[in-house]
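Just so you know, the sequences run in chain order A and B. Heads up: the first sequence begins at 2 in the numbering used here, then just goes up one per residue. Heads up: the second sequence begins at 6 in the numbering used here, then just goes up one per residue.
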Amino acid sequence: MTTSTEHVDVMSERAARSEVIADVARAASIIGAYWPLTSFVAVNPLDGLTERSFVDAAELARRWYPAASHLSIDAYRAEHAADAITDADLDAAIADHLPEIDQQQPLDLGGVQVPVHRLVRHDLLHGPSRPARPSTDHNPTADQLDDIITTWCAAYVDEAHVPWSMPERDAGFFASWKATAVTDRRLAKVVGRDQRARLRDLPDDAASALFVAFKELGVADLERENALRRLLLRTPGWAAFAKWCDDWAPADRPGPRLRLVDLAAARAVLELLSPDRCSLVAPQHLDDELFDERIDALAAAFGPPASGAERSRLVDVVTALHPARRSAVWLAAHEGNFRDRILAKLQHTAAPDRSERAAAQIICCIDVRSEGLRRHLEGLGNYETYGFAGFFGVPVRWRALGATHAQARCPVLVSPRHEIAEVARDGDPADYLTGCSTTAGMHDAFHAAKGGLGSPFALAESAGWFTGPVAAARTLAPPRSSKDNATPSFTSSKGSSRWARRRTPPPTMPVIDHDAGKDLHAGLSLDERTLFGEAILRTIGLSDLAPIVVLCGHGSVTVNNPHASSLDCGACGGAPGGASARIAAAILNDVAVRRGLVERGIELPADTWFVAAEHDTTSDEVSMFDVDLIPEGLRPGVVRLAADLAVAGERNANDRSRHLPGAADRVRDRGHDWAQVRPEWGLAGNAAFVIGPRSITAGHDLSGRAFLHSYDASTDVDGVALETIMTAPLVVGQWISAQYYFSTVDNTVFGAGDKMLHNPVGGIGVVVGESGDLAVGLPMQSVMLGERRAHDPLRLLALVQAPLDRIESIIVRNPGLRGLVDGEWIHVVARATEHDAWTTRRPDGTWVPWQPADTTATTTAPDQISLEIR
Amino acid sequence: MTNWTNLTPMAKIEVVVDGDDVPAIRDLFLDAGATGYTALSGVSGFGHHGHHQGRLLFNDRASLSMLITVVPVEKAEPLISGIRRLLDDRHGVLFVSETNVSRPDYFV
Numbered sequence: 002m003t004t005s006t007e008h009v010d011v012m013s014e015r016a017a018r019s020e021v022i023a024d025v026a027r028a029a030s031i032i033g034a035y036w037p038l039t040s041f042v043a044v045n046p047l048d049g050l051t052e053r054s055f056v057d058a059a060e061l062a063r064r065w066y067p068a069a070s071h072l073s074i075d076a077y078r079a080e081h082a083a084d085a086i087t088d089a090d091l092d093a094a095i096a097d098h099l100p101e102i103d104q105q106q107p108l109d110l111g112g113v114q115v116p117v118h119r120l121v122r123h124d125l126l127h128g129p130s131r132p133a134r135p136s137t138d139h140n141p142t143a144d145q146l147d148d149i150i151t152t153w154c155a156a157y158v159d160e161a162h163v164p165w166s167m168p169e170r171d172a173g174f175f176a177s178w179k180a181t182a183v184t185d186r187r188l189a190k191v192v193g194r195d196q197r198a199r200l201r202d203l204p205d206d207a208a209s210a211l212f213v214a215f216k217e218l219g220v221a222d223l224e225r226e227n228a229l230r231r232l233l234l235r236t237p238g239w240a241a242f243a244k245w246c247d248d249w250a251p252a253d254r255p256g257p258r259l260r261l262v263d264l265a266a267a268r269a270v271l272e273l274l275s276p277d278r279c280s281l282v283a284p285q286h287l288d289d290e291l292f293d294e295r296i297d298a299l300a301a302a303f304g305p306p307a308s309g310a311e312r313s314r315l316v317d318v319v320t321a322l323h324p325a326r327r328s329a330v331w332l333a334a335h336e337g338n339f340r341d342r343i344l345a346k347l348q349h350t351a352a353p354d355r356s357e358r359a360a361a362q363i364i365c366c367i368d369v370r371s372e373g374l375r376r377h378l379e380g381l382g383n384y385e386t387y388g389f390a391g392f393f394g395v396p397v398r399w400r401a402l403g404a405t406h407a408q409a410r411c412p413v414l415v416s417p418r419h420e421i422a423e424v425a426r427d428g429d430p431a432d433y434l435t436g437c438s439t440t441a442g443m444h445d446a447f448h449a450a451k452g453g454l455g456s457p458f459a460l461a462e463s464a465g466w467f468t469g470p471v472a473a474a475r476t477l478a479p480p481r482s483s484k485d486n487a488t489p490s491f492t493s494s495k496g497s498s499r500w501a502r503r504r505t506p507p508p509t510m511p512v513i514d515h516d517a518g519k520d521l522h523a524g525l526s527l528d529e530r531t532l533f534g535e536a537i538l539r540t541i542g543l544s545d546l547a548p549i550v551v552l553c554g555h556g557s558v559t560v561n562n563p564h565a566s567s568l569d570c571g572a573c574g575g576a577p578g579g580a581s582a583r584i585a586a587a588i589l590n591d592v593a594v595r596r597g598l599v600e601r602g603i604e605l606p607a608d609t610w611f612v613a614a615e616h617d618t619t620s621d622e623v624s625m626f627d628v629d630l631i632p633e634g635l636r637p638g639v640v641r642l643a644a645d646l647a648v649a650g651e652r653n654a655n656d657r658s659r660h661l662p663g664a665a666d667r668v669r670d671r672g673h674d675w676a677q678v679r680p681e682w683g684l685a686g687n688a689a690f691v692i693g694p695r696s697i698t699a700g701h702d703l704s705g706r707a708f709l710h711s712y713d714a715s716t717d718v719d720g721v722a723l724e725t726i727m728t729a730p731l732v733v734g735q736w737i738s739a740q741y742y743f744s745t746v747d748n749t750v751f752g753a754g755d756k757m758l759h760n761p762v763g764g765i766g767v768v769v770g771e772s773g774d775l776a777v778g779l780p781m782q783s784v785m786l787g788e789r790r791a792h793d794p795l796r797l798l799a800l801v802q803a804p805l806d807r808i809e810s811i812i813v814r815n816p817g818l819r820g821l822v823d824g825e826w827i828h829v830v831a832r833a834t835e836h837d838a839w840t841t842r843r844p845d846g847t848w849v850p851w852q853p854a855d856t857t858a859t860t861t862a863p864d865q866i867s868l869e870i871r
Numbered sequence: 006m007t008n009w010t011n012l013t014p015m016a017k018i019e020v021v022v023d024g025d026d027v028p029a030i031r032d033l034f035l036d037a038g039a040t041g042y043t044a045l046s047g048v049s050g051f052g053h054h055g056h057h058q059g060r061l062l063f064n065d066r067a068s069l070s071m072l073i074t075v076v077p078v079e080k081a082e083p084l085i086s087g088i089r090r091l092l093d094d095r096h097g098v099l100f101v102s103e104t105n106v107s108r109p110d111y112f113v
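Next up, the structure:
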C-alpha cells in the first residue's frame, strides 16, 4: 500500500516527466523538420522560427547552430562590383534600415563635414568584416560524443545496410541505444568503463532517463529548454529528422521512428557519463565585432574626428550599424535590385490576343522550371498556358500498379484522406507484375549484396565483369533521351508474347470513383470529385476552354542520385506529377462530374478533353498519358501539340545548356549519366512568385526565376481562390525559397555538402564521408559551381495582381501567412489591375507605391534578371 | 434530475492550439496514458490573437486545431503540467473540466 507521501512523489515525478517532454518540443521548436530522401521536400530549415522576424531568426541561427544567415560581406561586395547591387540600391536599403541618419548632422572628420550616410556606405563597402559563419570553440570530448551518437542513429534507422539490427528497436531509440551502449568500446574510451557501467542503473524510458540525467547534472527546470536545445543542436541533422518523425511522419510509416525525446535523452545521458560538462556548455563565439577596427578604418579614410564628441558620434554610427544590421542592409539592397528589375520588366504587359479560341490550353505546375517551357510553347502556336500547383488540387495517396504502399501526392501541408489506385484497364496484369517482381527482386538482391559486410567482394568477383563495363558505358556514353520520338501513339500497347507482356506495362487507369473500390478511403465520391474539379477551374480562373486541355505535371529522371526526389514535384510531396495529372484529368473527363459542375455554374464545352502529361525537367521531354482514350476528332490537334511541345522542350534545353557546365548538345542526357553530379539546376535561381493572369508575364523571359500561379481576381469575388493560393502554394514556394537561400549561405550547416562524398543512410538521407551528422538541405552541387554561386540567396518576392484590401485581409486573418509577410520572410508587392502601379507592402501592414531605387538601371537594362553564375 | 450513479467521474481536457503544435499535444496525451483522443482541425474563432480562419482548402496546418481527451483524474494532473509548460510561450488555450463516462474501461 502506498503512503500519501509516496503518492505525492509519484505524482510530482509524473508531472516533471510530462514537463520534460514539453520542454523537448519547445527546445526543438527552432529546428526545421527534415524529410527523408524518398520524398524529399524542400523546407525552410528555420521553419520553427517563422513566428519571429527573419532578422531575429537569423541572429538565433547564428547563435544556436552556429551558422551563417547571410552571404559574407565580401560576397555582397562582389555583387556590388558586378552591378547586381548598385549604389542606389545600397542607399535605399540604408535609408530603410537606418532612417534616423537622415536627421543627423554631418561629422567633422579631418576638418571636412562628412554626411553620415556616406560613412555608412563606406563602411558597408570597405570596412573590416567578420566571417559569415561565426567561429566557435570546440570541445574534443563533445565532438567524440557526437560521433558516437550519429553512428548509433544511423544504425538505428538503417534497416538494410547494417549487418545486424540493434536490439529492442521497437522500444525506441533510447532503449535500443542503451541496450547496446553498455558494451560500446568507443564509449568506454571516452568516458571510462566505470562510467559506462552506470548506464545499467538508468531507466529504459527516455523521458524518465532525461529527467534523472538532468537532475544529476544539476540542470534547473528553467534552464532545461536551453540545455535540451544545446544537446539537440550538437547533431542538427539527426534532430531535424527526429523532428520529422515526431511532427510529420505518417502514422503507418514502416520502419523505426527516431523521436526527439529519445535523441535528447541519449545525449543527456552521454553528458552525464562524460568526464566534463562538454555539450551543455554554450560554445564560445570567437569572432570580434570589429567595432574598433571599423572606426579606425573610417578615420583613416576620411580623417580623424575633430573632437572627443565627434569621435563619440562616430562610435555611435558604427555601433548602430552592428554586424547583423550590416548583413541585413546588404541583403535588402540585393533584393531591392532584383525587385526593381523584375517590376520594371513586368510594367509593360502585352495582353495576348484572345479573340480566337485556343487550340490547346496547357496547365503546368507553378514550378520555376515550367516557365521556359510555357514561354517557348506559346511562341509556337495558338496555345494558352496556365500555372497551378502540380498536384492539381487533388490531395490523395497514389498506389501505383502492383505497389504495396500508397504514397502521398500532395503538398505536405495537406493530409491526404483518400487513396487512388492504379489498375489495369482491361485484362490481367499478372504477367507484367511478375516481370516487375522479378526485376525488383534482382535489383534488391544486387543492392543488398552491394551493401552487405563481406558480400561486395563476392559481388565484384561474380558480377563485376558485367556491371563494370555497364557503369563505364553509362558514364562515357549515357543513353540519349528519346526526344526524337515526339508523336504520341494512340493505340494501347499490349505485348503478344509472354516475354513482351512481362516488360510492357498494360494500359492502366486511376480508380477515381469511390463506389468502384472496396476500401473505405479508396477513390472519391462524386461530390468530392466535383469539388476538386471546381477548385482547379476556379482557382486559376480558367474559362473559355480549348478542345484540348493538358494537365502537365513534372518529374525528373536521373540515375545514381540520392537526391533525385529533390528534383521532382514539391507540390506532389517530392514525387513526379504524372499520377496527379492523370487523376485530375480523369476527374474532369468524368461525365458525372461535368454534370455536377453545371449545377455549380461551370459548363465545360462538350468537345473539351483533358489530357494528362509529365514534363521531365532534366531532358525537357513531355510525355502524354492515356492518349488512346483521346477522342478521334481531337487527335490531329494532339499530334500538333506534341510536336510543338518537343520543339519547346528543345529550345528550353538550349536555354538551360547556357548555365550548365559540359557539352551543350548533351544537356538533355545528363540525367542518364551515372557520374553526373548536376543533372539539372533544379529550382536554383528561384526568387519570385507571381499570382495573377498570364498577361502579367507573357512574352517576358523570366529565366526560370519565377513561380507562376494563374489567378483571375475578377472571377474570385469572395477571395477564396486567392486565400487558397496564398496559404498553400505561396507557403510551399517560401519553403523552397528558404531552402535554396540557406543551402547557399551555409551549405555546411543547412546544405548537404559535397555530393562526391555522400554516403546514403537507410534511405532517409546522406552523411558526408563515412560517418557524421545527417546532411540536410541541398547538395553543394545544387547551388554552387565550384567556388561560384548558382543561386542568388534572396527572400521570396510575391507579386500579386488583386485588390489590395483583399490581399491584406487574407494576410491578417491567417496568422501563419501573416508571420511570413510581417516578418519579411516573404516580400509582397501588388497591384489591383494591370492598369495600376505596383505597390509594396511594408511589415507594418501599410502599402506604399513602388519606387525603383535606381531609375537608370531599370530603364536601361530591364531585361537583366537572368542569373549570372559568379 | 439526471441520475449519475452509474457513471464514472473523469477529467476532460480540451486544448486549442496551432496546427504545428498538435503533434506535441498528442505526444503528451499518449505519454500521460490517455487511451485515445479526438482532434478537430480547421477550428475557427476569435481570441487573444484576433480572428482565426477556419479550414483552408490545401493547408491543414495553418489553422487552429482542438484536441480532446478524457483521462482518469489521477492522470490529469501530470498531463496538465506538461501542457501548461508547452503553452508557456505560444498560442493556445487549455480547458479542464470534470466529466462522467459510461465505459470507464475505455479510458484506463
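Even for Gly, the Cβ is constructed at its ideal location relative to N, Cα and C.
Cβ of residue i within 9 Å of any chain B Cβ
i, result
"C570 of chain A", "no"
"R18 of chain A", "yes"
"E420 of chain A", "no"
"G724 of chain A", "The question names Gly, but residue 724 of chain A in the sequence shown is Glu. Yes, because at least one Cβ of chain B sits closer than 9 Å to the Cβ of E724 of chain A."
"A208 of chain A", "yes"
"P730 of chain A", "yes"
"I584 of chain A", "no"
"M12 of chain A", "yes"
"S696 of chain A", "no"
"S526 of chain A", "no"
Contact with chain A by residue i, beta-carbon distance below 9 Å
i, result
"D94 of chain B", "yes"
"G55 of chain B", "yes"
"L99 of chain B", "no"
"R108 of chain B", "no"
"N4 of chain B", "Residue 4 of chain B lies beyond the residue range present for chain B, which begins at 6 and ends at 113; the question has no answer from this structure."
"S33 of chain B", "The identity of residue 33 of chain B in the sequence shown is Leu, whereas the question assumes Ser. Closer than 9 Å to some Cβ of chain A, the Cβ of L33 of chain B qualifies, so yes."
"L61 of chain B", "yes"
"A67 of chain B", "yes"
"A39 of chain B", "no"
Burial state of residue i, where buried means 16 or more other Cβ atoms lie within 10 Å
i, result
"M913 of chain A", "Nothing can be reported for residue 913 of chain A, as the shown portion of chain A is limited to 2 through 871."
"W9 of chain B", "exposed"
"D10 of chain A", "exposed"
"S107 of chain B", "exposed"
"N11 of chain B", "exposed"
"Y111 of chain B", "exposed"
"P141 of chain A", "exposed"
"L203 of chain A", "buried"
Where the alpha helix (DSSP H) through residue i begins and ends
i, result
"P511 of chain A", "Note, P511 of chain A: premise wrong, no alpha helix (DSSP H); beta strand (DSSP E) at T509 to P511."
"A310 of chain A", "G309 to A321"
"N105 of chain B", "From DSSP, N105 of chain B is part of no alpha helix (DSSP H) but of the beta strand (DSSP E) over V98 to V106."
"E600 of chain A", "V592 to E600"
Endpoints, beta strand (DSSP E) assigned at residue i
i, result
"A409 of chain A", "Q408 to R410"
"L259 of chain A", "Run containing L259 of chain A: none; DSSP gives neither H nor E here."
Selection of the segment 74-90 of chain B by Cβ proximity to chain A, strictly under 9 Å
E79, K80, E82, P83, L84, I85, S86, G87, I88, R89 and R90
Inside the segment 346-379 of chain A only - alpha helix (DSSP H) runs reaching at least 4 residues
371-379
To be precise: take each residue of the segment 6-28 of chain B, compare its Cβ to all Cβ atoms of chain A, and keep it if any distance is under 7 Å. Which residues remain?
P28
Please list the residues of the segment 815-839 of chain A that have a C-beta atom closer than 8 Å to any C-beta atom in chain B, keeping them in chain order.
N815, P816, G817 and L818
Which runs of the beta strand (DSSP E) spanning at least 3 residues fall entirely within the segment 695-742 of chain A, listed in chain order?
707-711
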